[in-house]
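Trainee: Take the sequence shown: its letter number 87 is residue 83 in my numbering, and every next letter is one higher. Cβ atoms here follow ideal geometry from the backbone N, Cα and C, with glycine treated the same way. Just so you know, these numbers come straight off a predicted model, no measurement behind them.
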Amino acid sequence: MKRWTEAWNAYVRARAAAWRTGAFDGLEPLYADPAPWRREQERWERIAAQRRERGLVPVTGGEWPVRMRVEHEGGETVAVTARLFRRLVWRAGWREWVEEGIEERTVHLVRVGKRWAVVGDEVLGVEGRGGTRNRSGHRQPAAGFVLAVDERARNTTLAVPVRQNAPAYDREAAVAYAERWWNGYNPRFRRFADDCTNFLSQCLLAGGAPMRDTGNRATGWWYRWTGAHLWSYSWAVANSLRWYLPIGHRGLRGIPVENPRELLPGDVICYDFEGDGRWNHTTLVVAKDGQGMPLVNAHTTNSRRRYWDYRDSYAWTPQCRYAFFRISV
-3 MKRWTEAWNA YVRARAAAWR TGAFDGLEPL YADPAPWRRE QERWERIAAQ RRERGLVPVT
57 GGEWPVRMRV EHEGGETVAV TARLFRRLVW RAGWREWVEE GIEERTVHLV RVGKRWAVVG
117 DEVLGVEGRG GTRNRSGHRQ PAAGFVLAVD ERARNTTLAV PVRQNAPAYD REAAVAYAER
177 WWNGYNPRFR RFADDCTNFL SQCLLAGGAP MRDTGNRATG WWYRWTGAHL WSYSWAVANS
237 LRWYLPIGHR GLRGIPVENP RELLPGDVIC YDFEGDGRWN HTTLVVAKDG QGMPLVNAHT
297 TNSRRRYWDY RDSYAWTPQC RYAFFRISV
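#1: Where in the region 220 to 303 do unbroken runs of the beta strand (DSSP E), each at least 3 residues long, occur, reported from the N-terminal end onward?
#2: What residue range is occupied by the uninterrupted alpha helix (DSSP H) comprising Trp0?
#3: I need the straight-line Cα distance from Leu26 to Val108, nearest angstrom please.
#4: Taking only the alpha-carbon atoms, compute the straight-line gap between Trp231 and Asn182 and give it to the nearest angstrom.
#5: To the nearest angstrom, how far is the alpha carbon of Ala149 from that of Arg186?
#6: So, helix, strand or coil for Leu154, using DSSP?
#7: So, helix, strand or coil for Phe320, using DSSP?
#8: May I have the straight-line CA-CA distance separating Val264 from Lys(-2), to the nearest angstrom?
#9: Let's see if you can read the secondary structure: which residues bound the alpha helix (DSSP H) around Trp40?
#10: Can you tell me whether DSSP reads Pro206 as helix, strand or coil?
#11: From the DSSP secondary-structure annotation, give me the bridge partner or partners of Thr56.
#12: Where do the N-terminal and C-terminal ends of the alpha helix (DSSP H) with Glu175 fall, by residue?
#13: Using only the alpha-carbon positions, how far apart do Tyr267 and Arg317 sit?
#14: DSSP on Pro25, reduced to helix/strand/coil?
#15: Is Ile323 buried or exposed, if buried means 16 or more other CB atoms sit within 10 Å of its CB?
#16: In the DSSP assignment, the beta strand (DSSP E) including Glu123 goes from what residue to what residue?
#17: Return the first residue and the last residue of the beta strand (DSSP E) that Glu72 is part of.
#18: Give the secondary structure of Thr77 by DSSP, where H, G and I count as helix, E and B as strand, and everything else as coil.
#19: Find out if the Cβ-Cβ distance for the pair Ala327, Gly262 is shorter than 7 Å.
#20: Quick one, which of Ser299, Trp33, Pro30, Ile43 has its alpha-carbon nearest Thr17's?
Structure, rendered in structure tokens:
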């Protein structure tokens, strides 16, 4: 591979094949530095083990760039940032379903003798990494990453309407919202770099979960559109929502269950990736696989019908803990 573009194209093809078939041996020869490859290898091994345990049969699909830019191009080094879209069709037992996801990566290439090779491979926007914690332990999206709301959207009719103060939780409406916006951002709401709980809260609201506006960001569950947009910590912070759900407030409640099989579409899973008591991530259950296990939609690393345990995530560790909540209003 005398040109860096040849090495880049080989990298893209090898990743697509790995996602499609589960065989990732075509990736290793493309790396000149063992450190980034070890991290990738550990992840691919977890993915392969997960597929075996679930009895998944790949039907079709792969991964391909939908956007890319050259960050740096020197004589011997190149850095490329790409947005990679993944679409996979799985079969398990009698059921087939589509899984989709987005990853943004910066890949560093260097000339090694007569060929180009990968020396750095960084995934951007990993769930559970962004934000800061305030004194009460709430993990806040970093202020510099809050994006402005499109003011034209204030009177926009949503493709999936938000239902407020419904007499019962509409699971189908919550799932429909999660399917509509899994890879997009409703302009009625702020968007965060660490967007998982903001997205989940929107799904719950779409299902009719009533807000509880206390006027205090550390209590209740609410979002305000009047003037400057404001929200409670529980609206946008995974750790805060995890502890808000089970307390039994008027309106939105999460009833803890022990087994993920007990969850229904429209229910919630919270993740403590490091097992340190700080909850990093949240997802909405949107479907079940052929074994009755949850498939989830989420933001940050935007995902559709992803397997619930997140062993395919860079944030996952063997110490990961989960909290499962049956949603009620």
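Mentor: Answer, in terms of the structure:
#1: Listed in chain order, the complete beta strand (DSSP E) runs (minimum 3 residues) inside the region 220 to 303 are 249 to 253, 264 to 268, 277 to 284, 290 to 294, 299 to 303.
#2: Within the sequence shown, the letter at position 4 stands for residue 0. Run containing Trp0: 0 to 17, per the alpha helix (DSSP H) assignment.
#3: Your numbering for residue 26 matches position 30 in the sequence shown. Your numbering for residue 108 matches position 112 in the sequence shown. About 11 Å.
#4: Here residue 231 refers to the residue found at position 235 when the sequence shown is read from its first residue. Here residue 182 refers to the residue found at position 186 when the sequence shown is read from its first residue. A direct Cα-to-Cα measurement between Trp231 and Asn182 gives close to 15 Å.
#5: As a position in the sequence shown, residue 149 is number 153, starting the count at 1. As a position in the sequence shown, residue 186 is number 190, starting the count at 1. Bear in mind that the predicted position of Ala149 carries a pLDDT of just 33, short of 50, making it unreliable; the figure below should be weighed with that in mind. Spanning the two alpha carbons is a distance of roughly 11 Å.
#6: Counted from its first residue, the sequence shown places residue 154 at position 158. Residue confidence for Leu154 is low, a pLDDT of 43 falling below 50, so the modelled location carries little weight; the figure read from the coordinates is stated next. Coil.
#7: Translated into positions along the sequence shown, residue 320 becomes position 324. Phe320: strand per DSSP, three-state reduction.
#8: Walking along the sequence shown from the start, residue 264 turns up at place 268. Walking along the sequence shown from the start, residue -2 turns up at place 2. A direct Cα-to-Cα measurement between Val264 and Lys(-2) gives close to 49 Å.
#9: Translated into positions along the sequence shown, residue 40 becomes position 44. Element bounds for Trp40: 30 to 50.
#10: Here residue 206 is taken as the residue at index 210 of the sequence shown, counted from 1. The three-state secondary structure of Pro206, taken from DSSP, is coil.
#11: In the sequence shown, the residue the question calls residue 56 occupies position 60. Val85, per the DSSP bridge assignment.
#12: Taking the first residue of the sequence shown as position 1, residue 175 is located at position 179. Run containing Glu175: 167 to 177, per the alpha helix (DSSP H) assignment.
#13: In the sequence shown, residue 267 corresponds to position 271, counting from 1. In the sequence shown, residue 317 corresponds to position 321, counting from 1. Distance between the alpha carbons of Tyr267 and Arg317 is about 6 Å.
#14: The residue you call residue 25 lines up with position 29 of the sequence shown. Secondary structure at Pro25: helix, using DSSP grouped into helix, strand and coil.
#15: Position 327 of the sequence shown, counting from 1, holds the residue named residue 323. It counts as buried.
#16: Stepping through the sequence shown from its first residue, residue 123 is reached at position 127. Unbroken run through Glu123: none, as it is neither H nor E.
#17: Here residue 72 corresponds to residue number 76 of the sequence shown, with the count starting at 1. First-last for Glu72: undefined, no H or E at that position.
#18: Counting from one through the sequence shown, the residue named residue 77 turns up at place 81. DSSP places Thr77 in strand when its eight states are reduced to three.
#19: No answer is possible for residue 327: it lies beyond the span of the chain, which begins at -3 and ends at 325.
#20: If you number the sequence shown from 1, residue 17 lands on position 21. Ranking Ser299, Trp33, Pro30, Ile43 by Cα distance to Thr17 puts Ile43 first.
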